[in-house]
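Engineer: Residue numbers for the sequence shown follow the UniProt record's numbering, so the first one is 1 and each next one is one higher. The structure follows.
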Amino acid sequence: MHTVKAAVRKLYVGREPGSVRFRYGLILFDLSTILFFIATAHLPHGRLLTALSVVIGLVILCDFSARLWIARQRREFLTRIYTIADIIVILSLLLDPFLTQSLAFLRILRGLRLIHSYHLLHDLRRDSQFFRTHEDAIVAAVNLLVFIFLTTMAVLVFFIPPGSRETPYIDALYFTMATLTTTGFGDITLPTPAGKLFSVFVMVVGVALFVRLAQAIFSPQKVRYRCPDCGLFRHDPDAVHCKHCGGLLNIETGGAG
Numbered sequence: 001m002h003t004v005k006a007a008v009r010k011l012y013v014g015r016e017p018g019s020v021r022f023r024y025g026l027i028l029f030d031l032s033t034i035l036f037f038i039a040t041a042h043l044p045h046g047r048l049l050t051a052l053s054v055v056i057g058l059v060i061l062c063d064f065s066a067r068l069w070i071a072r073q074r075r076e077f078l079t080r081i082y083t084i085a086d087i088i089v090i091l092s093l094l095l096d097p098f099l100t101q102s103l104a105f106l107r108i109l110r111g112l113r114l115i116h117s118y119h120l121l122h123d124l125r126r127d128s129q130f131f132r133t134h135e136d137a138i139v140a141a142v143n144l145l146v147f148i149f150l151t152t153m154a155v156l157v158f159f160i161p162p163g164s165r166e167t168p169y170i171d172a173l174y175f176t177m178a179t180l181t182t183t184g185f186g187d188i189t190l191p192t193p194a195g196k197l198f199s200v201f202v203m204v205v206g207v208a209l210f211v212r213l214a215q216a217i218f219s220p221q222k223v224r225y226r227c228p229d230c231g232l233f234r235h236d237p238d239a240v241h242c243k244h245c246g247g248l249l250n251i252e253t254g255g256a257g
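Given below as structure tokens:
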């Protein structure tokens, strides 16, 4: 059993080419499932979609169980936000055959899988030189996308009554983008006091995320590498000495193209 556990841990945290390929395979699977959940959030679930949901749920459950098994601090692992989100997603998938029409809105909770993307960023930071070089811009883009889709789901659940629109998900996404960019077409609005306050929240947070993304794209790129002398952990990609203390750095780089 110890040998099996060591092999599983090697797959998830090892630096061998096979381990890296395995983790990139998981990243592609996660991205595919996120797109699948978004695309099918409001489609009628027949036998095919129900079966696919259960299969995806079993795969995610296996991945979750493996991460829990090799975790050194299991209590800490279970209290992380993306772990809680994964548990909710797994339950909604495995219970899909039992979701009646009145409970179908629970499928929207699968969009919480987006939160798992923050765990994927940890894997990419470890495995990808490109990611480490452009981390600020990538993280800012992920923050914005997660906010957009989680806000869209909130509009779907709390502000669009079931059956009131032909394309509820598209309408919710359209409202979110129009509000977030302060375009303000006004053809889709939330007229209730709660809806107006929610719109204000989307505008304020959304604009801040847009500004952060623009700053990350147009400002000089930094890489994360902790200086062994002073602890500064953001440096120019080609830095040899720490700008704060002058200490020698050993940043991994592929050199000029």
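Every residue gets a Cβ at the ideal spot worked out from N, C-alpha and C, and that includes glycine. None of these values were measured; they are calculated from a predicted model.
Val157 lies in the alpha helix (DSSP H); which residues open and close that run?
Structural biologist: Glu135 to Phe159
Engineer: Could you give the first and the last residue of the continuous alpha helix (DSSP H) run that contains Thr83?
Structural biologist: Ile81 to Leu94
Engineer: Going by CA-CA distance only, name the one from Thr83, Val4 and Ile27 that's closest to Leu121.
Structural biologist: Ile27
Engineer: Expressed to the nearest angstrom, what Euclidean distance is found between the alpha-carbon atoms of Arg132 and Ala7?
Structural biologist: Straight-line measurement puts the Cα of Ala7 at about 27 Å from the Cα of Arg132.
Engineer: Specify the secondary structure class of Gly240 as computed by DSSP and reduced to three states.
Structural biologist: Looking at the sequence itself, residue 240 is Val, so the reference to Gly does not match. In the three-state DSSP reduction, Val240 falls in the coil class, being neither helix nor strand.
Engineer: Report yes if the CB atom of Phe147 is closer than 8 Å to the CB atom of Val205, and no otherwise.
Structural biologist: In this structure, Phe147 places its C-beta atom within 8 Å of the C-beta atom of Val205.
Engineer: Flag this pair as touching only if the region 163-179 and the region 227-244 have three or more C-beta atom pairs under 8 Å; answer yes or no.
Structural biologist: At 8 Å Cβ cutoff, the stretches do not touch.
Engineer: Once the 5 residues before and after Ala141 are set aside, which same chain residues still bring their CB inside 7 Å of it?
Structural biologist: Leu213
Engineer: Here's a check: name, in chain order, each residue in its chain whose Cβ is nearer than 8 Å to the Cβ of Val59, leaving out the five neighbours to either side.
Structural biologist: Phe29
Engineer: Tell me Arg224's beta-bridge partners as DSSP assigns them.
Structural biologist: Arg234
Engineer: In the DSSP assignment, the alpha helix (DSSP H) including Cys62 goes from what residue to what residue?
Structural biologist: Arg47 to Ile70
Engineer: Using CA atoms only, rank isn't needed, just tell me which of Val89, Ala39, Ala71 and Arg75 is closest to Ile56.
Structural biologist: Val89
Engineer: Using only the alpha-carbon positions, how far apart do residue 258 and Ile217 sit?
Structural biologist: Nothing can be reported for residue 258, as the shown portion of the chain is limited to 1 through 257.
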